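Just so you know, the protein sequences line up as chains A and B, in that order.
The opening residue of the first sequence carries number 0 in numbering that gives the first Met the number 0; numbering runs sequentially from there.
The opening residue of the second sequence carries number 0 in numbering that gives the first Met the number 0; numbering runs sequentially from there.
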Amino acid sequence: MSDITSLTLTELVKNIKDKKISSEETTKAFIERGEKSRDLNVYITEDFSSALEKAKSFDQKPNFDLKLPGVPMAVKDLFCTNGVKTTAGSKILNNFIPPYESTVTQNIWKEGAILLGKLNCDEFAMGSSNETSFFGNVQSPIDKDLVPGGSSGGSASALAANLTPITIGTDTGGSIRQPASFTGTVGLKPTYGSCSRYGIVAFASSLDQAGPMSKDVKDCALLQEIISTYDEKDSTSIDFKRNKYSKELTNNIKGKKIGIPKEYRVDGMPKEIEDLWKKGIEYAKDCGAVIVEISLPHTNYALPTYYIVAPAEASSNLARYDGVKYGFRSKGENLIDMYEKTRSEGFGAEVQRRIMIGTYVLSSGYYDAYYLKAQKVRKLIKNDFDEAYKKVDAILTPSTPSAAFKIGEKTNDPVSMYLNDIFTVPVNLAGLPAISIPAGVDGKGYPLGLQIIGKAFDEQNILNIAYAMEEKIEFKNKITDWWIK
Amino acid sequence: MTKDNCEYLIERKDNVYEVVIGLEVHAQVTSNSKLFSSSSTTFGAEPNTQVSLVDAAFPGMLPVINEYCVKQAIKTGIGLKAQINKRSVFDRKNYFYADLPQGYQISQFKYPIVGEGTVVLDMPHGQKEVGIERLHLEQDAGKSIHDMDPQNTLVDLNRSGVALMEIVSKPDMRTPDEVSAYVKKLRSIMRYLGTCDGNMQEGSLRADVNISVRIKDSDKLGTRCEIKNVNSIKFMQMAIDYEANRQVDLIEEGKTIDQETRLFDTKKNETRSMRSKEDAHDYRYFPDPDLLPLEVTDDFIEKLRADIPELPDEKKKRFIDKFKVSPYEATILVSDIETAKYFEEVVAKMGKNQNMKLAVNWITGELFAVLNNKNLEISESPISAKNLAKLINLIKNGTISGKIAKTIFELMMDGDKDPQIIVDEKGLKQESDPKALEALIDKIINDNREKAIEYKQGKEKLFGFFVGQAMKVSGGKANPQLINEILKKKL
């Protein structure tokens, strides 16, 4: 058998169920590799010794009926984990230990998985390169000094570097799909309301959605099946019939109509992205899908709309980090002074920038011009998709307008950083599901992803399309272990 | 300053001003748990013992609407004869304060759950309608305690997240008395409905008072000031009196009134500026993305409507029609649902020969005096409705006189004693046997011959003397009516 850590989740589960490997062996393997990989800076909090204990106790009384029997995994540090520090990548929560568990992680532990630790991310998930984390930037296993994308950068790096067999991230404007694309992995942003937001540190409530990240589509389907549950504790959770995504997974997509939106051919898009997209269309045709030209006329407005709606909600969501109840507090002369010092020392520059943008667009006198208008445009963007889905079953686009870039390359240019989200953001605004799968590499050999966008609640369909295309693409991630000395 | 009961005008050299008042009443919803969490709402618990992770705004915690509070708000809306909005939206009102854990209050801004309605006030000069602008649901904040520690402000979050109804009136009130009647009427309606206990001491009911003044009969509104968080009717009236005069003085001095928020200092009996319009918070209201718009169906509303009990106005009408009490008496009897219940029970227990006049007088007279003295609610009355009814019946059928009844009433308070038993034990039964009374009177006349002669000679005032003697000799038990008759005959 090959190295445990390089197995897919499906292979790993089979080996554990067949008693070829124990949970303890598996957990040890991931811990050892994690310890050798600290230069990637994927972990904010390692929970290794506790993980090992849990693995041992699983082995003593194994339950092989579970979907993740004794499988160790690390999760993004935006999910609150009972008794384990949860920082959201921020100094302001540097000392915060939740006395509760997020619904999504609870669902995972219920199926027998074991927490390895908490993964680095952009501060409060605000970033596209994992450079805004208070705990330092994350290295991509693809190449030295390359960003893994963000905000779920730690998750993507850990997964691509075989430090966790699967993982979960959160996606507000592309935070699962973009890092998946940058690291040659699979990432799904489910329909808004599919996965409970309970216990996930909020960024922008109307856009945030947790989702699975994996090495292949089959693993992704299995994890989605586990984490997606209706939850009364989240008022925006939707009670719809959820498929057994992994069981119902099929590569038969003959006759499926796949739309190609002309507005996604943006100015200055690198040729390699254009080529990747063309290749993707060919793969889809090879699978028996029918390609249809479609139009999503308001695509151009998605990014400005997103950068009004998301900061507006964030400015309010982050008001609770005030030094009063928990987390970091700076000493002040009085209450206001304490607030100001706590929040200017506790939040990083990008978070402060977005709080200020959000506060501005909600201010009286500006509300109508920005926030209200953005809400109207958001509706138009959603209508675009509704129209398109009268003609097609899914939409195929590149995941990002470029491959991964070097650390520091865009930190001084927030707008160019924001442009990274151009293909992913419309999906969040419309509340739709979308998956990114690795589909090729750029000139430097850096992975590139394709995005398949589905109708609301139609995760099964885009998983099937991704599954079929994955077979044709035969992508192999080249990980050289350059960081291991 | 006050011309008569129905007018409250402020007079200066050449001008007569009227006062325009509107109220924003914050009424705590009667509910076991909070608006968006399952924590208890019991008053007076140890600080910070009724706080959930949602109330304390822990990361990732989400609000879930308490359906019971929604029902309570709708019932209140029905009680205010108001429009119930089938779709309403929760907004975030953003501001920083130590006792506001989320950094925002969840409230309803653009789309409240209840729209326009009416409250009818029973004023001495007749009825007066006050318009309701809206009613919306919102969270209460926690409590900051500044005087328990010399260095620090302490925060108690027990109240954080408790459901409040903010009931906004139209600027329809003109006098402090109307304000008092309005608050009392609102409280009465909500207590009938069981939607707010109206307890002002515990802060279940407080109000922001909006006041402006204008030349009498002008149709333009003056600049208003808002007096925040006044928690007793008396203070509301005092604050209005002070504030209205302050505004009139400013106008008379040729100065302008700044639109501002003011505080009422109950010790100094004055209002003070809290913040001006320029300093007003920009609350950055926007729809709370954690909550979907609140949608209720016609069916949901109609089911609640079917459960609405008889409200004060309807009860008053019924009391007048059925029990033939005066409108004034009816107003007093229905103002508190417990009083109305007590009265109806007395009436029921009186049986066939009801005497409403006696029932009303005994309840609003003797009983109210006792309750007032002992600081008791009528629900805690030491005398049950059943026994009061018995007492009234004893008066009515001539067993005891009204005077003896008062003595018995005092004795009944000791453990809600049956008045019949007291009468029997103490031998307080009225003497109504004409023969016995005749003998008694004969003896009195005999013993006071000279006075009897004086009376016959025209000194009619002496009649009272003989009545007094008869009562005295009989130990107060002689039937006064018979005594009168017999005396007239014998003298």
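The beta carbon of each residue, even a glycine, is placed where N, CA and C say it ideally should be.
Note that the structure is a prediction, hence the values are computed from the model and not measured.
* To do: In angstroms with no decimal places, state the Cα-to-Cα distance between residue 144 of chain B and residue 155 of chain B.
  => 8 Å
* Asked: Beta carbon of residue 197 of chain A, beta carbon of residue 59 of chain B: below 8 Å?
  -> yes
* Just mark residue 200 of chain B as buried or exposed, buried being the case when its beta carbon has 16 or more other beta carbons within 10 Å. => exposed
* For residue 136 of chain B, decide whether its Cβ has a neighbour in chain A, counting only Cβ atoms nearer than 8 Å. => no
* Is there at least one Cβ from chain A nearer than 8 Å to residue 140 of chain B's Cβ? -> no
* Going along the chain, which residues of the segment 228-251 of chain A sit with their C-beta nearer than 8 Å to a C-beta in chain B? -> 231, 232, 233, 234 and 235
* Asked: At a CB-CB cut-off below 8 Å, which residues of chain A make contact with residue 56 of chain B?
  -> 319 and 324
* Asked: Mind checking residue 452 of chain B: buried by the 16 CB within 10 Å criterion, or exposed?
  -> exposed
* To do: May I have the straight-line CA-CA distance separating residue 40 of chain A from residue 138 of chain A, to the nearest angstrom?
  => 7 Å
* DSSP three-state assignment for residue 131 of chain B, whether helix, strand or coil -> strand
* Asked: Looking at the C-beta of residue 246 of chain B, does it have a partner C-beta in chain A at a distance below 8 Å?
  -> no
* Decide yes or no for the touch test of the segment 105-114 of chain B against the segment 223-234 of chain B: beta carbon pairs closer than 8 Å, at least 3 of them. => no
* **Span separating the alpha-carbon of residue 93 of chain B from that of residue 204 of chain A** => 16 Å
* To do: Could you tell me which chain B residues have their CB closer than 7 Å to the CB of residue 361 of chain A, listed as they occur along the chain?
  => 283 and 285
* Asked: Along chain B, in chain order, which residues have C-beta atoms closer than 7 Å to that of residue 205 of chain A?
  -> 288
* Sequence-distant residues of its chain with Cβ nearer than 8 Å to residue 0 of chain B (five each side left out) -> Low per-residue confidence applies at residue 0 of chain B: pLDDT is 39, beneath 50, and the placement is therefore not dependable enough to give any value.
* For chain D, find out if any of its Cβ atoms is closer than 8 Å to the Cβ of residue 99 of chain A; answer yes or no. => No chain D appears in this structure, whose protein chains are A and B.
* Asked: Given 8 Å as the limit, is there contact between the segment 208-218 of chain A and the segment 109-122 of chain A, that is, 3 or more CB pairs closer than that?
  -> no
* Any chain B beta carbon closer than 8 Å to residue 87 of chain A -> yes
* Asked: Can you tell which of B:378, B:351, B:350 and B:352 has its C-alpha closest to the C-alpha of residue 362 of chain B?
  -> B:378
* Starting from the Cα of residue 27 of chain B, find the closest Cα among B:61, B:216, B:211 and B:206 and give me that residue. => B:206
* To do: Figure out for me which residue from A:406, A:114, A:21 and A:280 has the closest Cα to the Cα of residue 135 of chain A.
  => A:406
* Quick one, which residues of the segment 73-99 of chain B are near chain A if we go by CB-CB under 7 Å, in chain order? -> 91, 93, 95 and 97
* Asked: What three-state label does DSSP hand residue 463 of chain A in the structure shown?
  -> helix
* **At least 3 beta-carbon pairs within less than 8 Å: the segment 61-80 of chain A vs the segment 90-106 of chain A** => yes
* To do: Give a yes or no on whether 8 Å exceeds the smallest Cβ distance from residue 196 of chain A to chain B.
  => yes
* So, is residue 327 of chain B buried or exposed, given that buried needs 16 or more other C-beta atoms within 10 angstroms? -> exposed
* Is there a Cβ from chain B that is less than 8 Å from the Cβ of residue 0 of chain A? -> Summary for residue 0 of chain A: the model assigns pLDDT 45, below 50, so the residue's position carries little reliability, and this model does not support an answer.
* Along chain A, in chain order, which residues have C-beta atoms closer than 9 Å to that of residue 63 of chain B? -> 231, 232, 233 and 234
* Residues in its own chain within less than 8 Å of residue 454 of chain B by CB, not counting five upstream and five downstream? -> 461, 462, 465 and 490
* To do: Return no unless some Cβ of chain A is closer than 8 Å to the Cβ of residue 153 of chain B.
  => no
* To do: Please work out which residues of its chain come closer than 6 Å, Cβ to Cβ, to residue 331 of chain B, disregarding the five sequence neighbours upstream and downstream, and give them in chain order.
  => 363
* Hey, is residue 334 of chain A's beta-carbon within less than 8 Å of any beta-carbon in chain B? -> yes
* For residue 36 of chain A, which of helix, strand or coil comes out of DSSP? -> coil
* Taking only runs that begin and end inside the segment 201-245 of chain A, name each unbroken beta strand (DSSP E) of 3 or more residues, in chain order. => 209-213
* Asked: For chain B, is any of its Cβ atoms less than 8 Å away from the one on residue 80 of chain A?
  -> no
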